[in-house]
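Just so we're aligned, residue 1 is where the sequence shown starts under full-length UniProt numbering, counting upward by one. Each residue gets a CB set at the ideal place from its N, CA and C atoms; glycine is no exception. Notes to accompany the following structure.
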Amino acid sequence: MNQPKIVILGAGYGGLTTVAKLQKKLGVNDAHITLVNKNDYHYESTWLHEAAAGTLHHDRSRVKITDLINSAKVNFVQDTVTAIKPDEKKVELQDGELEYDYLVVGLGFEAATFGIPGLLENAFTIGSINKARLIRQHIEHQFAQYNNEPEAKQERLNLIVGGGGFTGIEFVGELANRIPELCEEYDIDRSKVRLIVVEAMDTIMPGFDPDLIEYAMNSLEARGVEFKLGAFLKEVRADGITVEQNGEKEDIATMTTVWAAGVRANHLVEESSLEDNRGKVEVTPELRAPSHEDVFVVGDCALVWNKEIDRPYPPTAQIAMQEAEVCAHNLVALVKGGELEHFEFINRGTVCSLGEDDAMGSIFGGKKIYGWTASFMKKVIDNRALYKIGGVGLVLKKGKFNIL
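In structure tokens form, the structure reads like this:
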């Protein structure tokens, strides 16, 4: 019997965890495994906000894929996926195509712009290593230019973050810590810098406990962060934005708008013949695409329903890695024989960083934690994610050890 061909698209948390489990459970003669990724590295997307703010070097958040896979069991193809053709059991790449018996789609997310005029052209997004690096360089350039022009431009020091969700708040927390350093370096009065969060809902961090939200806002406001809640971003220009709040519009001059208010699944999912729900695949309990049993979907491209609150689970690294473990088990069962598992999300808690040595969140069945304790737990969670995809060696190489 020919070896079944397993193709995994994307080396994010979902795809790479799937590969890590498969290469442990399948022998070289059991299956032909291929991992496809645009870059030759995996990056910790939950660390990108630190790279964007300049509080963590971008190289700390990435690792070579070839350092994480067993090349005797897994073939790595560095290429860009251009189309998924499940009816033909093929994947088109920029430089060729691949056939498969089983496919795992873990292509991650893209920014959702909601049709806001000028956002795509004029706002930054924290969506990759290169985008995070560009944000850091851009902000530093604004500070460097401020005192090097005949007339100082306030718009260089007005920093706008669109979105008060997880990514936006973690980025703001890092930036609030970074701004005093930039002010000292470039001889700028800290009071001249405005860091503004624009959020359409009437609260930041929707879904979090009100006590945690209050703590986060107090912590950030104490470091100079301004919040515009119930405010809609109506337009983004190269030199400013328009915000509508309580029916009134306001123009704010700025050269820096960072959009962190929404994501969508990779557009290739919607463009394929896979049955989708607003761009995501509402997977079966086994994490299969309903229309194609040989296709598994994990991470940001998968829609898994939380029946307790009748809403989909939000796309997080935690759920992506749990999905990947079930996906890998089911693939092994299909290849070697065995029972398929159903996916059930186990919520181990969520911690949101508010900058170095400060965080808030809930763990162990809802226990609320704040400040240094929460920051400690955040670093433990980060190290655990590294361990699951690369073992002790990756933790020692890239882990966050300033937790004591």
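| Asked | Found |
| --- | --- |
| Rank ILE389, LYS192, LEU331, GLY399 by C-alpha distance to the C-alpha of LEU26 and give the top, closest one. | LEU331 |
| State the start and end residues of the unbroken beta strand (DSSP E) segment that holds GLY361. | 359-363 |
| Find the nearest neighbour of GLU184 within the set GLY337, ASN147, LEU394, LYS280, judged by alpha-carbon distance. | ASN147 |
| Between which two residues does the beta strand (DSSP E) harbouring ARG278 extend? | Note, ARG278: premise wrong, no beta strand (DSSP E); not H, not E. |
| How would you write the range of the alpha helix (DSSP H) that TRP259 sits in, first residue to last? | Careful: TRP259 lies outside any alpha helix (DSSP H), inside the beta strand (DSSP E) at 256-259. |
| Determine which residues share a DSSP beta bridge with PRO180 and list them. | PRO180 pairs with nothing; no bridge assigned. |
| Which residues mark the beginning and the end of the alpha helix (DSSP H) in which ILE135 is found? | 129-146 |
| Thinking C-beta only, is ARG136 closer than 7 Å to ALA176? | no |
| Using three-state DSSP, classify TYR215 as helix, strand or coil. | helix |
| Pull up the DSSP beta-bridge partners for ASN37, would you. | GLN78 |
| So VAL172 and LEU220 are supposed to be a Cβ contact under 8 Å. How far apart are they, rounded? | 6 Å |
| What does DSSP give as the partner residue(s) for SER352 in the beta ladder? | Before going further, note that residue 352 is Cys rather than Ser in the sequence given. Bridge partners of CYS352: MET360. |
| Is it true that the CB of ALA265 sits closer than 7 Å to the CB of ASP300? | yes |
| Does DSSP put LEU268 in a helix, in a strand, or in coil? | helix |
| Which residue's Cα is closest to the Cα of ARG156: LEU107, ASP239, PHE376? | ASP239 |
| Between MET360, ALA359, ASP294, VAL198, which lies nearest to PHE232 when the distance is taken from Cα to Cα? | VAL198 |
| First and last residue of the beta strand (DSSP E) that includes ILE65? | Counting along the chain, ILE65 falls outside any beta strand (DSSP E), and DSSP gives it neither H nor E. |
| Can you tell me whether DSSP reads VAL335 as helix, strand or coil? | helix |
| By the DSSP assignment, the beta strand (DSSP E) with LYS367 in it spans what residues? | 367-370 |
| Does GLN94 come out as helix, strand or coil in the three-state DSSP assignment? | coil |
| At the level of alpha carbons, what is the spacing between GLY393 and ALA385? | 13 Å |
| Could you say which of SER291, GLN154, ALA317, THR284 lies nearest to VAL304 if we only look at CA atoms? | THR284 |
| Three or more C-beta pairs under 8 Å: does that hold for the region 205-213 against the region 356-373? | yes |
| In whole angstroms, give me the CA-to-CA distance for SER45 and GLY127. | 8 Å |
| Taking C-beta to C-beta, are LEU287 and VAL263 nearer than 7 Å? | no |
| What do you reckon, are the CB atoms on GLY390 and LEU68 nearer than 7 Å? | yes |
| Give me, in chain order, the residues of the same chain whose beta-carbon lies closer than 6 Å to that of ALA152; leave out the 5 immediate sequence neighbours on both sides. | TYR146 |
| Measuring straight from C-alpha to C-alpha, what distance separates LEU404 and GLY115? | Bear in mind that the predicted position of LEU404 carries a pLDDT of just 38, short of 50, making it unreliable; the figure below should be weighed with that in mind. Their Cα atoms are separated by approximately 45 Å. |
| Ignore the nearest five residues each way along the sequence and tell me which others in VAL297's own chain have a CB closer than 7 Å to its CB. | VAL105, VAL281, VAL283, LEU287, ALA289 |
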